[in-house]
Amino acid sequence: MAERETATGELGLVQAFVNTLDMVPRNEELKDPNTLKAWLVARDLMDPSQAVEEADLRHAHAVREAMRAVIGGNSGSRIYPVELATLNEAASASRLRMRFGPGGKARLEPEASGAVGAIGRLVASFYSAMQDGNWERLKLCSSDECRWAFYDRSKNHSSRWCTMASCGNREKARRFRKQHKHA
């Protein structure tokens, strides 16, 4: 949906990755190793000469859903140990290391190459996004069917839905029907 709020920078990259699966309607951007490779190459996370396998696709899906769950923590959802373990495993597999870049700025970089290294770059971006003062503004839609990652631009950080026009209205109508059914 074009009207959904998006973030920029590292936060925006994380949001874009998480939203490669749109649950309403079910639309999976990363359908196979080729679409994963195209997505990673388009964002300069991976060299186009490197191969992407089916196992890399499963790994990317698992990391994406672990990130979605941790973002859900900004919306009040519980974060389970398995999601944290998935992110820790991805960081370990890519062998993330702190490196100093131009100007002396520290950043995390994977020592692994290929898709594993690219997923490691996403985990490093996830870490960097968490250090950003706007991290808490990245939330999940409160609609259980949707769970889209959106950037909360409201002044008091109180948005609950990716859009009021779709998910917000649907949830309010559902609550209204439930209340009046029992009245």
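Heads up: the sequence shown begins at -14 in the working numbering, then just goes up one per residue. Quick reminder that beta carbons are idealized off the backbone N, C-alpha and C, glycines included. Owing to the predicted nature of the structure, the values given are computational and were not obtained by experimental measurement.
Asked, Found
"List in chain order: all unbroken beta strand (DSSP E) runs of 3+ residues lying wholly within the segment 79 to 113.", "81 to 85 and 91 to 95"
"Taking C-beta to C-beta, are I176 and H46 nearer than 8 Å?", "Within the shown structure, residues of the chain are numbered from -14 to 168, placing residue 176 beyond reach of any answer."
"Considering only DSSP beta bridges, list what N12 is partnered with.", "D7"
"Could you check where the alpha helix (DSSP H) with K140 kicks off and where it finishes?", "Note, K140: premise wrong, no alpha helix (DSSP H); not H, not E."
"When burial is assigned at 16 or more other CB atoms within 10 Å of the CB, is L69 buried or exposed?", "exposed"
"Using only alpha-carbon positions, find the residue among S143, W133, N73 and T148 that is nearest to N176.", "No answer is possible for residue 176: the residues shown for the chain start at -14 and end at 168."
"State buried or exposed for Q148, treating a residue as buried only when at least 16 other CB atoms are found within 10 Å of its CB.", "The question names Gln, but residue 148 in the sequence shown is Thr. Looking at its Cβ environment, which holds 16 or more other Cβ atoms inside 10 Å, T148 is buried."
"Are there 16 or more other CB atoms within 10 angstroms of the CB of A36, so buried, or fewer, so exposed?", "exposed"
"Quick one: is G61 buried, meaning 16 or more other Cβ sit within 10 Å of its Cβ, or exposed?", "exposed"
"Just list the residues that DSSP pairs K124 with in beta bridges.", "F135"
"Measuring CB to CB, does L72 end up less than 8 Å from V101?", "no"
"Under the three-state reduction of DSSP, which class applies to M(-14): helix, strand or coil?", "Unreliable placement is indicated for M(-14), whose pLDDT of 40 sits below 50; the coordinate value is still reported in the next sentence. Here M(-14) sits in coil by DSSP."
"Return the chain-ordered list of same chain residues with a C-beta closer than 8 Å to the C-beta of E84, the five sequence neighbours on each side being excluded.", "Correcting the residue type first, residue 84 is Arg in the shown sequence and not Glu. Counting only Cβ-Cβ distances below 8 Å, and skipping sequence neighbours, we find A91, R92, L93 and E94."
"Is the beta carbon of R(-11) closer than 8 Å to that of F135?", "yes"
"Less than 7 Å between C-beta atoms, sequence neighbours within five positions excluded: which residues of the same chain meet that for D32?", "none"
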